[in-house]
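Residue numbers (the working numbering): 19 to 196.
Listed below in structure tokens is the structure:
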């Protein structure tokens, strides 16, 4: 008996396809795909969510002081002249950060091995590049997804059949987070 489906792809194509679909499932909450692909994606996604549920509270808060550039009303850095050079003015600020314990850090790195980086692009056409920001997927899993499933013992996804695809007759399904 096979351990996984080959999905008619070479190993690097298959790995890329599954990584992409797992990333999109966890980011958007649901995807439409074929039944065979959904069953493979489900295995990977459930493992990642289980890791997130297990390690969601495994951190300590630490106070750190950081230098932050002072900004004017327009959001530009304030500069002053020192010894004939323009130098940015910095203020010291105390922040509280979450410091991962070793097992949570390991879980974060295991997630990053599977998940692709996501960049959110603003919908407005003006300044599409300016307003982009990177999404920290492991943080989203730990902070948003894992708390929803804290009292569940597995079964974080659902497959709903929606019929056959017109082109090749493959069974299409919706794979969604419960």
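Beta carbons are placed, not taken as given, at the ideal position from N, Cα and C, and that holds for glycine.
- Listed in chain order, the alpha helix (DSSP H) elements of length 4 or more contained wholly in the stretch 31-88 are 53-73.
- In the DSSP assignment, residue 103 forms a beta bridge with 100.
- Under the Cβ criterion (8 Å, minimum of three pairs), the stretch 103-113 does not count as touching the stretch 160-172.
- Residue 109 places its beta carbon less than 8 Å from that of residue 86.
- Taking each of 33, 131, 155 and 39 in turn and checking the Cα distance to residue 138, the smallest one comes out for 155.
- Between residue 48 and residue 194, the C-beta gap is smaller than 8 Å, which places the two residues in contact.
- Remark: C-beta atoms of residue 192 and residue 105 do not approach each other more closely than 8 Å.
- The Cβ atoms of residue 25 and residue 58 sit closer than 8 Å to each other.
- Less than 8 Å divides the Cβ of residue 64 from the Cβ of residue 175.
- About 25 Å separates the CB atoms of residue 82 and residue 90; that is not less than 8 Å, and the two are not in contact.
- Residue state for residue 184 is assigned as coil, using DSSP reduced to three classes.
- The C-beta distance from residue 62 to residue 36 rounds to 6 Å, short enough to fall under 8 Å.
- Taking all protein chains shown into account, residue 98 has fewer than 16 neighbouring C-beta atoms within 10 Å of its C-beta and is therefore exposed.
- Bounds of the beta strand (DSSP E) holding residue 193 are 189-195.
- Using a Cβ distance threshold of 8 Å, residue 133 and residue 71 do not count as a contacting pair.
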